[in-house]
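Taking it in order: structure first as structure tokens, then the write-up.
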Amino acid sequence: MLELASHILDIAENSVRAGASLIEIDIDEDTANDSLSIEIIDNGRGMKQEEMEKVLDPFYTTKTVRRFGLGIPLLADAARRAGGHFKLESQEGKGTTVKATFGLSHMDRQPMGNIISTLIVLIAGNSDVDFFLKHRHNDRRSELDTRIIRKEIEDVPINHPEILKYIRGVLEEGFSEIKPEA
């Protein structure tokens with residue numbers, strides 16, 4: 414994974430596989446402290462202590478389609494290489510929290526990538542899961558909560574093309590401070 418958006422997609426997909434009905438994605442950019450943090454919180458089934466001890470091993474996975482699980486180990490490595498750290502908390506039956514912090518201007522920090530398209534893919538492909546997206550760039554804050562959108566659209570599916578177009582617009586406005594990186 415060469416971009417942070419790919420890590421977010423991978424971790425959120427893990428949350429979906431763990432039965433989460435709500436996934437919170439927090440992105441916090443703080444130029445004054447030269448930090449970027451990404452936190453993904455889910456209400457899925459969580460992990461047993463044995464799983465927690467193995468999850469950073471790239472040759473451990475609960476997936477049946479392949480015999481290795483690189484997502485979490487690669488994110489942890491990316492955070493450390495960019496002067497940050499990685500934290501994983503999970504409680505069986507309650508959910509999991511993954512947090513990675515990076516030096517915002519660190520030369521080894523991976524680029525953000527196309528975060529808006531990543532979030533649209535998550536929402537469109539997991540229409541039965543709610544997403545609460547929070548972005549902070551210094552003093553500017555934005556949020557998108559699919560639970561609120563669902564109340565407004567009533568019987569229209571959240572992955573209807575017009576609803577996704579609306580969501581994309583909200584995300585573009587909220588993430589306008591994230592500049593595309595070459």
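Position 7, counted from 1, in the sequence shown is what the working numbering calls 420; the numbers after and before it change by one each time, with no gaps.
We put the beta carbon where it would ideally sit given N, CA and C, even for glycine.
- Ranked by Cα distance from Arg549, the options Leu449, Arg560, Ala431 are led by Leu449.
- Between Asn456 and Ala431, the alpha-carbon positions lie close to 9 Å from each other.
- Boundaries cannot be given for Thr444, as no beta strand (DSSP E) includes it and DSSP labels it neither H nor E.
- Nearest neighbour of Glu556 by Cα position, chosen from Asp568, Ile529, Arg522, Val569, turns out to be Ile529.
- Ranked by Cα distance from Ala495, the options Ile454, Leu417, Asp568, Asn539 are led by Leu417.
- Taken through DSSP and simplified to helix, strand or coil, Leu415 comes out as coil.
- The segment 516–531 makes contact with the segment 438–447, as at least three CB pairs between them are under 8 Å.
- For the pair Thr510 and Ile451, the CB atoms are not nearer than the 8 Å cut-off.
- Distances from the alpha-carbon of Asn427 to those of Gly526, Asn551, Leu535 put Leu535 closest.
- If you draw a straight line from the Cα of Val583 to the Cα of Leu415, it is about 26 Å long.
- When the beta-carbon positions are compared, Leu435 and Phe545 come within less than 8 Å of each other.
- Taken in chain order, the complete beta strand (DSSP E) segments of 3 or more residues contained in the segment 546–595 are 553–558.
- Nearest Cα to Ile561 within the set Arg554, Gln523, Ile571, Arg553: Ile571.
- In this structure Asp521 does not touch Gly484 by the C-beta definition: roughly 19 Å separates them, more than the 8 Å allowed.
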